[in-house]
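Single-structure report; data block below.
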Amino acid sequence: MTAAALARLRECLGEASVLTDDAAVEPYLHDERRLYHGRTLAVLRPRDAAEVAAAVRICADFQLPMVPQGGNTGYCGGATPDESGREVVISLSRLRQIRAVDPLGFTLTAEAGVTLAELQAAAAGVARLFPLSMGSEGTCQLGGVLSTNAGGLAVLRYGTARELVLGLEVVLPDGRLWEGLTALRKDNTGYDLKQWFLGAEGTLGIITAAVLKLFPSPAAKETAWVGVSDLAAACNLLSRLREALGDNVTSFEYLTAESLALVAGLPGMPAPPLTGAPAFVLLEVSGRADDALREALENTLGSALARDEIGEVVLAASDAQRRAMWRLRESIPPAEKTLGGSIKHDVSVPLSALPALEAEARAGIRQRWPEARLSVYGHIGDGNLHFNVLAPAGALAEDFKARHGAAISALVHGAATALAGSFSAEHGVGKLKRDLLHASESPLSIELMQRLKQALDPVGLMNPGKLVG
Ligand code: MLT
Ligand code: ZN
19 MTAAALARLR
29 ECLGEASVLT
39 DDAAVEPYLH
49 DERRLYHGRT
59 LAVLRPRDAA
69 EVAAAVRICA
79 DFQLPMVPQG
89 GNTGYCGGAT
99 PDESGREVVI
109 SLSRLRQIRA
119 VDPLGFTLTA
129 EAGVTLAELQ
139 AAAAGVARLF
149 PLSMGSEGTC
159 QLGGVLSTNA
169 GGLAVLRYGT
179 ARELVLGLEV
189 VLPDGRLWEG
199 LTALRKDNTG
209 YDLKQWFLGA
219 EGTLGIITAA
229 VLKLFPSPAA
239 KETAWVGVSD
249 LAAACNLLSR
259 LREALGDNVT
269 SFEYLTAESL
279 ALVAGLPGMP
289 APPLTGAPAF
299 VLLEVSGRAD
309 DALREALENT
319 LGSALARDEI
329 GEVVLAASDA
339 QRRAMWRLRE
349 SIPPAEKTLG
359 GSIKHDVSVP
369 LSALPALEAE
379 ARAGIRQRWP
389 EARLSVYGHI
399 GDGNLHFNVL
409 APAGALAEDF
419 KARHGAAISA
429 LVHGAATALA
439 GSFSAEHGVG
449 KLKRDLLHAS
459 ESPLSIELMQ
469 RLKQALDPVG
479 LMNPGKLVG
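Residue numbering for the sequence shown is 19 to 487, as defined by the working numbering.
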């Protein structure tokens with residue numbers, strides 16, 4: 019039967035779009051963090067939405083489970099096939115068209131395989147901004163970004179991926195194409211169907227294209243690196259900045275000296291603008307040229323300094339210095355990786371509870387694993403902390419993670435839950451956090467999710483084993 023399915027797929031997509039050779043399929047079989055390694059019947063590489071739909075129809079006919087995959091940069095194993103060898107990977111990376119850019123309507127229509135950096139460039143080409151931004155933007159692809167409702171560095175101002183979408187085109191689990199590619203900003207015609215697929219991690223269908231919102235390109239941008247004593251001081255600074263600068267506050271990132279020290283170990287890193295504080299804020303404000311941003315920022319930071327609420331401050335004096343500051347921040351995850359990776363946590367709590375979250379989690383780790391190294395940083399404006407735990411210096415990272423990972427994660431997630439928080443702020447659920455989802459959501463929430471899954475994918479062929487599937 020699988021031979022017949024493969025023959026149909028080859029006939030429909032062409033030989034070259036159906037990979038079965040071991041070496042050719044290997045890159046599709048593991049996730050970015052190498053937490054999982056699966057097998058596959060075939061990797062399909064359709065060229066457009068019609069081919070995706072045709073491929074899904076054939077898979078549905080033969081009852082073959084399907085795993086959609088984009089840039090494969092996710093952290094939760096949401097795009098990796100299982101070990102059965104029955105699942106078919108559907109790669110969206112050849113859906114590369116930017117179908118339309120409308121500077122007047124402030125929209126852009128693009129296909130799932132376009133990278134985030136390419137979307138940003140297409141918007142910049144017509145003097146517009148597509149504001150989603152994150153460390154993986156050179157490789158992550160639109161389909162995955164929307165399917166995981168990715169966050170990143172400018173959520174404070176512009177929201178997560180979900181908030182940047184006007185319309186979607188989706189291949190349903192039975193192979194029908196739902197053409198919801200509207201560019202309307204106002205459309206109250208019933209349920210907002212696109213929301214079912216955003217953040218659904220490919221369990222309800224495959225996003226093949228989207229209409230995205232664009233924004234005016236900010237003519238002015240100011241970036242600062244600020245020493246702070248702790249997270250409470252950082253939260254206080256954010257509040258003062260928002261009072262003074264309102265929505266001009268675009269990014270507000272917190273990074274501890276511990277994380278910065280890890281980055282310093284990478285070759286070719288710029289020197290930090292300042293060191294010596296227990297933690298730092300990297301903040302950016304942006305707006306119109308006549309917003310007098312620099313002056314407003316200097317005034318706010320000056321008053322905070324005068325009240326001893328913050329430590330030293332460096333304002334970026336050039337675009338090169340600004341980029342160097344961001345490079346330091348964005349290099350934290352790769353720095354952790356070179357040390358064998360970390361036990362990652364992507365927790366969020368109401369903003370006012372952030373200092374308590376960090377204190378609780380730190381105290382718990384210090385008590386039971388006093389030698390473990392910590393890397394704590396995050397998107398403070400979004401109440402989102404990455405509280406990552408690394409093996410003690412000199413210990414084997416894999417061994418430490420295998421022996422202590424579950425207990426450490428239980429502790430950190432427990433601290434977030436106790437503060438009315440979430441165990442997955444922006445990285446999704448995938449395979450990795452599936453059990454956590456079931457353990458932490460109410461039975462009614464799980465039932466509603468399962469009913470939706472059942473309604474759209476009654477046979478359970480779309481990305482099984484992920485989320486509630
Ligand atoms: C980040 O903020 O850098 C990522 O979401 C977290 C990570 O890569 O670990
Ligand atoms: Zn993050």
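All C-beta atoms in this analysis are idealised placements derived from N, C-alpha and C, irrespective of residue type, glycine included.
Three-way DSSP call (helix, strand, coil) for residue i in this model
i: Pro86; result: strand
i: His48; result: strand
i: Gly305; result: strand
i: Thr268; result: strand
i: Ser460; result: coil
i: Gln468; result: helix
i: Asp120; result: strand
i: Asp453; result: helix
i: Val188; result: strand
i: Arg194; result: coil
i: Leu110; result: coil
i: Met152; result: coil
i: Pro234; result: strand
i: Arg488; result: Given that the chain is displayed from residue 19 to residue 487, the structure contains no residue 488 and the question cannot be resolved.
Identity of the residue in the options nearest residue i by Cα
i: Val173; options: Pro121, Val267 and Leu222; result: Val267
i: Phe80; options: Pro86, Glu29, Thr38 and Thr20; result: Thr20
i: Leu408; options: Glu389, His397 and Thr241; result: Glu389
i: Ser393; options: Ile361, Ala371 and Arg421; result: Ile361
i: Leu232; options: Ile116, Lys239, Leu134 and Ala141; result: Ala141
i: Glu343; options: Thr241, Glu219 and Gly439; result: Position check: residue 343 holds Met in this sequence, whereas Glu was assumed. Nearest option by C-alpha distance: Thr241.
i: Leu53; options: Cys94, Val85 and Ala68; result: Cys94
i: Pro86; options: Glu69, Gly123, Val106 and Leu346; result: Val106
i: Glu261; options: Ala322, Phe215, Asp308 and Ser277; result: Ala322
i: Gly103; options: Arg421, Leu134, Arg386 and Glu44; result: Glu44
i: Glu197; options: Ala228, Leu462 and Phe418; result: Ala228
i: Gly123; options: Asn206, Leu202, Ala425 and Ala251; result: Leu202
i: Leu292; options: Leu263, Val331, Ile224 and Asp248; result: Val331
i: Lys419; options: Gly439, Ala436, Trp387 and Gly399; result: Trp387
i: Leu259; options: Ser304, Pro234, Leu273 and Ala282; result: Ser304
i: Ala438; options: Gly401, His55, Tyr272 and Gly223; result: Gly401
Bridge partners - residue i, DSSP secondary structure assignment
i: Tyr395; result: Leu273 and His404
i: Arg203; result: Answer is none; Arg203 lacks a bridge partner.
i: Glu129; result: Ala227
i: Leu333; result: Ala242
i: Ser442; result: Asp364
i: Phe80; result: Bridge partners of Phe80: none, in fact.
i: His55; result: His48
Residue i versus residue j - alpha carbon distance
i: Asn254; j: Ala275; result: 19 angstroms
i: Glu129; j: Leu27; result: 22 angstroms
i: Thr226; j: Thr318; result: 45 angstroms
i: Asp337; j: Glu302; result: 12 angstroms
i: Leu211; j: Leu333; result: 44 angstroms
i: Gly487; j: Pro99; result: 13 angstroms
i: Pro149; j: Pro410; result: 37 angstroms
i: Leu346; j: Ala71; result: 42 angstroms
i: Ala60; j: Lys449; result: 20 angstroms
i: Arg341; j: Glu101; result: 42 angstroms
i: Ser109; j: Gly88; result: 6 angstroms
i: Val367; j: Thr38; result: 44 angstroms
i: Phe441; j: His456; result: 12 angstroms
i: Gln472; j: Ser463; result: 14 angstroms
* Beta carbon shell of the ligand ZN at less than 6 angstroms from a heavy atom -> This criterion selects His397, His404 and Glu444.
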